[in-house]
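Asker: In case it helps, the numbering used here puts the sequence shown at residues 3 to 597.
In this text, a Cβ means the ideal position worked out from N, Cα and C, and glycines have one as well.
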Amino acid sequence: MTQIGHPRKPPRRLFPLLSPSLDWLLVLATSLLLFACAGPSVEPDREAPLLVVDETLPLPVEGEQINLKAIERVTHLAKTDSLLTARYERNQLLLADLDASTLLFIDSVLAWFAGDTTLADQLLTNLARDNTAALDLVLQEREARRALAGDWLAAAETLFQRSHAHSGSRQDEAVSDRLFGYLLRLDTATLAEARRGARDPNWRQWLEMQVVYREGPEALAAWMTRPNALPKRPTMPRHVTRWVTAESVDHIALLLPLEGRLAGAGEAVLIGAIDQLYTLFPDPRSRPALTTLNSTQPAGVRDLYRQAVADGADLIIGPLIKEDVASLGQLAQRTVPVIALNQTDSLTGSFSRNWMSLSLAPEDEAQQIADVAFGQACRHAIVVGVNSDRGARLLSSFTDRWTQHGGRIRGQLVVDNPADTNTEMGKLLGSGSSDQRIRAVERAFDLPVDARGRGRSDFECIFMLAPDAATARTWRPLLVFHMTGDVPVYATSAINDGVADTRNRDLNGVVFVETPAMLPPEMTDRLSRLRALGRDALTLAQHWQQTTETAQWVVRGQTGLLRRKQDGSVERELELATFDGARIRPALPSADTVR
3 MTQIGHPRKP PRRLFPLLSP SLDWLLVLAT SLLLFACAGP SVEPDREAPL
53 LVVDETLPLP VEGEQINLKA IERVTHLAKT DSLLTARYER NQLLLADLDA
103 STLLFIDSVL AWFAGDTTLA DQLLTNLARD NTAALDLVLQ EREARRALAG
153 DWLAAAETLF QRSHAHSGSR QDEAVSDRLF GYLLRLDTAT LAEARRGARD
203 PNWRQWLEMQ VVYREGPEAL AAWMTRPNAL PKRPTMPRHV TRWVTAESVD
253 HIALLLPLEG RLAGAGEAVL IGAIDQLYTL FPDPRSRPAL TTLNSTQPAG
303 VRDLYRQAVA DGADLIIGPL IKEDVASLGQ LAQRTVPVIA LNQTDSLTGS
353 FSRNWMSLSL APEDEAQQIA DVAFGQACRH AIVVGVNSDR GARLLSSFTD
403 RWTQHGGRIR GQLVVDNPAD TNTEMGKLLG SGSSDQRIRA VERAFDLPVD
453 ARGRGRSDFE CIFMLAPDAA TARTWRPLLV FHMTGDVPVY ATSAINDGVA
503 DTRNRDLNGV VFVETPAMLP PEMTDRLSRL RALGRDALTL AQHWQQTTET
553 AQWVVRGQTG LLRRKQDGSV ERELELATFD GARIRPALPS ADTVR
């Protein structure tokens with residue numbers, strides 16, 4: 003063997019056994035050093051151990067009352083402090099002789115926040131079995147968890163089961179609205195299958211109502227006249243009846259930019275609106291009149307609004323430009339309803355009357371991917387974003403929702419140049435410093451090392467808040483390179499530019515939220531979302547009076563599921579999708595995470 007470095011002199015006979023020992027110590031030290039180099043330089047998880055269920059604890063007693071304050075206290079600590087603190091509080095309650103039923107529910111909460119959804123559900127099952135007095139609380143918790151996980155049918159079934167134990171007009175109304183919203187999320191095939199398997203007549207009526215609702219107000223009105231068609235407990239939502247009996251909209255005016263740099267966007271919205279008008283009203287005798295005003299002409303948007311009102315418009319869609327939306331939003335006298343097509347500051351009081359703002363704002367998407375990931379058992383995340391105004395809004399929106407759930411951010415990278423992130427990403431994910439230590443050993447021993455750095459392991463998912471598809475295609479391979487290829491990655495619709503491209507294979511497996519108009523079998527391009535915006539604005543015009551009755555979801559639109567909030571803004575909930583090769587396919591929640 004060729005010696006490396008300076009040749010060593012023969013050992014003196016006084017120490018005949020020392021030399022082999024030093025050789026073995028050197029080999030051992032080198033091995034330990036290489037092992038340390040390969041490992042990430044990450045602080046240990048100070049929240050572990052998270053949960054140990056003590057099987058020697060007493061079982062719940064039938065009729066035992068739940069201590070809600072104790073549960074709220076532990077849940078608050080788990081969300082705002084740490085699981086370790088929440089676990090300590092739980093143990094203190096145990097020493098204070100907290101009842102077994104409450105303790106078992108708390109253990110389920112801790113398992114849920116630890117990401118062990120299977121154990122969390124099993125503990126709830128045990129509690130409901132041993133103490134029927136806790137059944138309502140168990141069903142309430144299960145409904146919330148299943149809804150967060152995106153298992154909408156299971157959430158609806160749980161809520162329906164719970165509703166049979168309660169009565170009261172206000173509570174029934176809230177339950178009806180929420181149940182309707184859960185079922186609205188199901189596709190028609192799932193609804194039909196659930197209806198075929200329904201044994202409870204009242205549950206079957208709810209499923210039938212949802213199917214007929216999607217056929218239009220005339221079909222729903224005819225169905226409502228059938229004997230024993232209407233569900234009785236809970237009753238049909240009041241806003242659905244309002245939709246059937248609403249006054250018709252006979253004249254719609256659109257305020258859109260038809261000249262200048264935004265003319266293409268305005269024309270795409272106009273095409274979508276016209277297409278939806280003919281889809282909803284194939285009979286020209288019942289079709290509303292549609293007029294268009296160019297919002298880029300010298301007359302201000304407020305003057306155009308007054309002109310549309312004078313021309314007899316029942317409802318106005320637009321404007322599209324954000325500054326025009328802000329101007330029209332502050333108009334004190336709005337006698338005709340407006341569906342604006344961009345965001346504005348939150349409107350309160352009289353300013354939100356006769357006002358609705360529908361937009362393709364990415365903030366809704368950032369919140370939704372936080373919901374989806376937490377529902378799929380991720381609790382500790384890495385976030386990568388861009389240093390820009392839009393990037394800051396996305397990051398703020400995501401962080402607020404993630405921490406609201408109780409999620410933790412283990413690391414965050416906000417880059418100035420999206421194309422130059424390799425080094426910083428290596429540092430963030432732990433592999434960079436590990437590779438540096440390996441190179442240091444190679445230089446010290448002048449010998450190549452057969453080892454590769456390992457990334458950190460204190461997170462379960464990554465949020466890739468890329469501003470566009472090109473950036474996403476750059477970041478995703480880097481994440482794989484830095485040893486995170488098997489970690490779930492979540493993103494917004496920005497990673498999909500609507501063009502089938504073989505480079506999209508770099509995004510395989512990334513879960514993102516997308517507007518239904520961009521999903522197969524639709525043919526898409528870069529203006530597809532704007533055409534979908536026009537279609538949904540026209541659809542909301544037909545649901546205007548219904549949206550004033552509820553803040554729940556009422557429309558399955560082309561830009562997503564839609565609901566009008568109290569300030570007039572429209573929240574969207576998109577579909578889950580992923581890339582499979584160069585194309586997109588729906589991404590369904592894992593069965594392991596939703597039960």
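With a Cβ-Cβ cutoff of 9 Å, do residue 550 and residue 530 count as a contact?
Answerer: No, the Cβ-Cβ distance between residue 550 and residue 530 is not below 9 Å.
Asker: Do residue 588 and residue 532 have their beta-carbon atoms positioned less than 9 Å apart in this structure?
Answerer: No, the Cβ-Cβ distance between residue 532 and residue 588 is not below 9 Å.
Asker: Just to confirm my understanding: we take residue 270, look at its own chain, exclude 5 residues before and 5 after, and list those with CB closer than 6 Å. What are they?
Answerer: Around residue 270: 529, 532, 533.
Asker: Using 9 Å as the threshold, is the C-beta distance between residue 535 and residue 581 below it?
Answerer: No, the pair does not count as a contact, with Cβ atoms beyond the cut-off.
Asker: How big is the Cα-Cα spacing for residue 67 and residue 137?
Answerer: One C-alpha to the other measures close to 11 Å.
Asker: Do the CB positions of residue 196 and residue 188 come within less than 9 Å of each other?
Answerer: Closer than 9 Å, so yes.
Asker: So, residue 122 versus residue 62, is the Cβ gap smaller than 9 Å?
Answerer: No, the Cβ-Cβ distance between residue 122 and residue 62 is not below 9 Å.
Asker: How is the beta strand (DSSP E) around residue 337 delimited, first residue to last?
Answerer: Where residue 337 is concerned, there is no enclosing beta strand (DSSP E), given that its DSSP letter is neither H nor E.
Asker: Of the residues 306, 289, 499, which one's Cα is nearest the Cα of residue 259?
Answerer: For residue 259, the nearest C-alpha among the options comes from 306.
Asker: Excluding the 5 residues flanking residue 140 on each side, which residues of the same chain have their C-beta closer than 7 Å to its C-beta?
Answerer: Once the five neighbours on either side are set aside, the close Cβ partners of residue 140 are 126, 129, 130.
Asker: Rounded to a whole number of angstroms, what is the C-alpha to C-alpha distance between residue 598 and residue 243?
Answerer: A question about residue 598 goes unanswered here, because the residues of the chain that appear run from 3 up to 597.
Asker: Suppose the cutoff is 6 Å on Cβ atoms and the five residues either side in sequence are ignored; what does the same chain contact list for residue 473 look like?
Answerer: Taken in chain order, the residues that qualify are 420.
Asker: Under three-state DSSP, which class holds residue 582?
Answerer: Three-state DSSP puts residue 582 in a strand.
Asker: Bridge partners of residue 417, per DSSP?
Answerer: For residue 417, which the question treats as bridged, DSSP gives the partners 388.
Asker: Considering only the alpha carbon of each residue, which of 110, 113, 547 lies closest to residue 340?
Answerer: Closest by alpha carbon: 547.
Asker: For residue 567, which option in 553, 577, 578, 296 has the closest C-alpha, if you only look at C-alpha atoms?
Answerer: The shortest Cα separation from residue 567 among 553, 577, 578, 296 belongs to 553.
Asker: Using a Cβ-Cβ cutoff of less than 8 Å, which residues in the same chain neighbour residue 193 once the five nearest sequence positions on both sides are dropped?
Answerer: The answer, listed in chain order, is 185, 209, 212, 213.
Asker: By a C-beta neighbour count over all protein chains shown, 10 Å radius and 16 as the cutoff for buried, is residue 561 buried or exposed?
Answerer: By the neighbour-count rule (16 or more Cβ atoms within 10 Å), residue 561 is buried.
Asker: Count the other CB atoms within 10 Å of the CB of residue 241; is the residue buried (16 or more) or exposed (fewer)?
Answerer: Residue 241 comes out buried.
Asker: Measuring alpha carbon to alpha carbon, tell me which residue in 254, 379, 425 is nearest residue 410.
Answerer: Ranking the options by Cα distance to residue 410, first place goes to 379.
Asker: Does the beta-carbon of residue 428 have 16 or more other beta-carbons within 10 angstroms, so that it is buried, or is it exposed?
Answerer: Counting Cβ neighbours within 10 Å, residue 428 comes out buried, since at least 16 surround it.
Asker: Between residue 360 and residue 338, how many whole angstroms is the CB-CB distance? I'm expecting something under 8 Å.
Answerer: No, residue 360 and residue 338 are not in contact; Cβ-Cβ is about 17 Å, not under 8 Å.
Asker: Can you tell me whether residue 573 is helix, strand or coil according to DSSP?
Answerer: If DSSP states are grouped into helix, strand and coil, residue 573 belongs with the strands.
Asker: Could you name the residues of the same chain whose beta carbon sits closer than 7 Å to that of residue 426, not counting the 5 residues immediately before and after it, in chain order?
Answerer: So the list reads 415, 417, once near-sequence residues are dropped.
Asker: According to the Cβ coordinates, are residue 326 and residue 303 closer than 9 Å?
Answerer: Yes; because the gap between Cβ atoms is below 9 Å, this pair is in contact.
Asker: I want to know whether the stretch 381-389 touches the stretch 461-476 - three or more CB-CB distances under 8 Å.
Answerer: Counting Cβ pairs under 8 Å, three or more are found: they touch.
Asker: What does the alpha-carbon distance come out to for the pair residue 585 and residue 500?
Answerer: Computed Cα separation, rounded: 9 Å.
Asker: Would you kindly check if the distance between the Cβ of residue 494 and the Cβ of residue 564 is under 9 Å?
Answerer: Taking 9 Å as the Cβ cut-off, residue 564 and residue 494 do not qualify as a contacting pair.
Asker: What residue from 375, 286, 480, 323 has the CA that sits closest to residue 422's CA?
Answerer: When only C-alpha atoms are compared, the closest one is 480.
Asker: On the DSSP bridge assignment, give the partners of residue 234 in chain order.
Answerer: 237.
Asker: When burial is assigned at 16 or more other CB atoms within 10 Å of the CB, is residue 577 buried or exposed?
Answerer: By the 10 Å Cβ count, residue 577 comes out buried.
Asker: From residue 460 to residue 413, what does the alpha carbon distance come to, in whole angstroms?
Answerer: Going from the Cα of residue 460 to the Cα of residue 413 covers about 10 Å.
Asker: For residue 358, count neighbouring Cβ atoms within 10 angstroms of its own Cβ and tell me buried if that reaches 16, exposed if not.
Answerer: Burial call: buried.
Asker: Over what stretch of residues does the beta strand (DSSP E) that includes residue 318 continue unbroken?
Answerer: Per DSSP, residue 318 belongs to the beta strand (DSSP E) from 317-319.
Asker: Does the separation of the CB atoms of residue 274 and residue 537 fall below 9 Å?
Answerer: Yes; because the gap between Cβ atoms is below 9 Å, this pair is in contact.
Asker: Expressed to the nearest angstrom, what Euclidean distance is found between the alpha-carbon atoms of residue 191 and residue 590?
Answerer: Going from the Cα of residue 191 to the Cα of residue 590 covers about 15 Å.
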